[in-house]
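In my numbering, the protein residues as written are 138 to 454.
Even for Gly, the Cβ is constructed at its ideal location relative to N, Cα and C.
What follows is a short report on a single structure.
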């Protein structure tokens, strides 16, 4: 073999090695970021609460205890891609409006809406708490940061209209990834019976939050994100770049309440500020010192007052 042939062979080998590394790296990052098997990853509803007698932790535990004690009915829908999704239906009044609530990343509603669920029921509103795809008792293996979940939002709205009438008013609630999901859904267009969106600590975009997490791991975010994106496209069948609440919120046609803790070091409060800048329909309320998803715990009275005022305004518009 001549020199030219050797060079070509080396180049081909290097190319194949690079391709192998890309596929392997993308698979590893997909498994880390987006894969979730709910059958093997049962979520403890107390898992975020520290096991000590600090008042805030005792209060959080009491919220979970109370929501678990409220009777509910298991209901199911089929997603656009054939997954069986489970929700918990809390009927307050057969003629009342509905709130549909979407939890955060690989979480469950009994954690993220331990306080918010009961709060809404006390307003006289029926509640559907959703186990999002690949979480809880819903089918699926991929968490897509709002890409598929935003379409699931519309599926759950259809459940309400099919069973309770097309004019039954609906409010959407979300926490963390669920908050980004309901904003994305609002930007994609919602039925006229959806009158408002309450989003607690949403990430501005999948790209921003994933890159931040990579940097938090002391790794090069900008360098590794393309591998994460490739993994999502190949193995998760979605493009995370298109799950972007900040970019789509200007298309929303319903009022949006943003709530965010200023002490949130996982999803920075500035992400909500960036979302709010892009739509006149957004109002932002920040809670000093509150960590990720903990504004309700840090200042329950103000949280309830803010949410109640917004919901009443939307329902009476």
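What does residue i pair with, by DSSP beta-bridge criteria?
{"i": "residue 172", "result": "279"}
{"i": "residue 266", "result": "225, 238"}
{"i": "residue 397", "result": "423"}
{"i": "residue 308", "result": "236, 333"}
{"i": "residue 342", "result": "381"}
Count the other CB atoms, across all protein chains shown, that sit within 10 Å of the CB of residue i; report buried if there are 16 or more and exposed otherwise.
{"i": "residue 300", "result": "exposed"}
{"i": "residue 218", "result": "exposed"}
{"i": "residue 454", "result": "exposed"}
{"i": "residue 425", "result": "exposed"}
{"i": "residue 270", "result": "buried"}
{"i": "residue 148", "result": "Since pLDDT at residue 148 reaches only 42, below the 50 mark, its modelled position is unreliable, and no value is offered."}
{"i": "residue 294", "result": "buried"}
{"i": "residue 289", "result": "buried"}
{"i": "residue 446", "result": "exposed"}
{"i": "residue 360", "result": "exposed"}
{"i": "residue 402", "result": "exposed"}
{"i": "residue 210", "result": "exposed"}
{"i": "residue 444", "result": "buried"}
{"i": "residue 256", "result": "buried"}
{"i": "residue 261", "result": "exposed"}
{"i": "residue 287", "result": "buried"}
{"i": "residue 181", "result": "exposed"}
{"i": "residue 339", "result": "buried"}
Where does residue i sit, in a helix, a strand or coil, going by DSSP?
{"i": "residue 297", "result": "helix"}
{"i": "residue 421", "result": "strand"}
{"i": "residue 403", "result": "coil"}
{"i": "residue 333", "result": "strand"}
{"i": "residue 391", "result": "coil"}
{"i": "residue 376", "result": "coil"}
{"i": "residue 313", "result": "coil"}
{"i": "residue 363", "result": "helix"}
{"i": "residue 453", "result": "helix"}
{"i": "residue 184", "result": "coil"}
{"i": "residue 448", "result": "helix"}
{"i": "residue 356", "result": "coil"}
{"i": "residue 443", "result": "helix"}
{"i": "residue 368", "result": "helix"}
{"i": "residue 435", "result": "helix"}
Could you give the distance in angstroms between the alpha-carbon of residue i and the alpha-carbon of residue j?
{"i": "residue 448", "j": "residue 259", "result": "12 Å"}
{"i": "residue 169", "j": "residue 365", "result": "9 Å"}
{"i": "residue 347", "j": "residue 362", "result": "7 Å"}
{"i": "residue 160", "j": "residue 368", "result": "8 Å"}
{"i": "residue 99", "j": "residue 186", "result": "Absent from the model: residue 99. The displayed extent of the chain is 138 to 454, so no value can be given."}
{"i": "residue 450", "j": "residue 234", "result": "13 Å"}
{"i": "residue 374", "j": "residue 190", "result": "44 Å"}
{"i": "residue 437", "j": "residue 265", "result": "22 Å"}
{"i": "residue 250", "j": "residue 350", "result": "24 Å"}
{"i": "residue 387", "j": "residue 309", "result": "17 Å"}
{"i": "residue 220", "j": "residue 282", "result": "17 Å"}
{"i": "residue 380", "j": "residue 268", "result": "19 Å"}
{"i": "residue 421", "j": "residue 390", "result": "17 Å"}
{"i": "residue 227", "j": "residue 352", "result": "41 Å"}
{"i": "residue 212", "j": "residue 355", "result": "42 Å"}
{"i": "residue 441", "j": "residue 341", "result": "24 Å"}
{"i": "residue 195", "j": "residue 292", "result": "36 Å"}
{"i": "residue 252", "j": "residue 372", "result": "35 Å"}
{"i": "residue 304", "j": "residue 430", "result": "32 Å"}
{"i": "residue 326", "j": "residue 383", "result": "15 Å"}
{"i": "residue 274", "j": "residue 172", "result": "15 Å"}
{"i": "residue 237", "j": "residue 344", "result": "26 Å"}
{"i": "residue 216", "j": "residue 224", "result": "12 Å"}
{"i": "residue 150", "j": "residue 164", "result": "Below a pLDDT of 50, predicted positions are generally treated as unreliable, and residue 150, at 47, falls in that range; no measurement from the model is reported."}
Shorter than 8 Å from the beta carbon of residue i to some beta carbon of chain B?
{"i": "residue 404", "result": "In summary, chain B is missing from the structure at hand, where a single protein chain is found."}
Inset, instruction - Please list the segments of the alpha helix (DSSP H) lying wholly inside the segment 189–257, counting only runs of 4 or more residues, in order along the chain. - result: 192–206, 246–249
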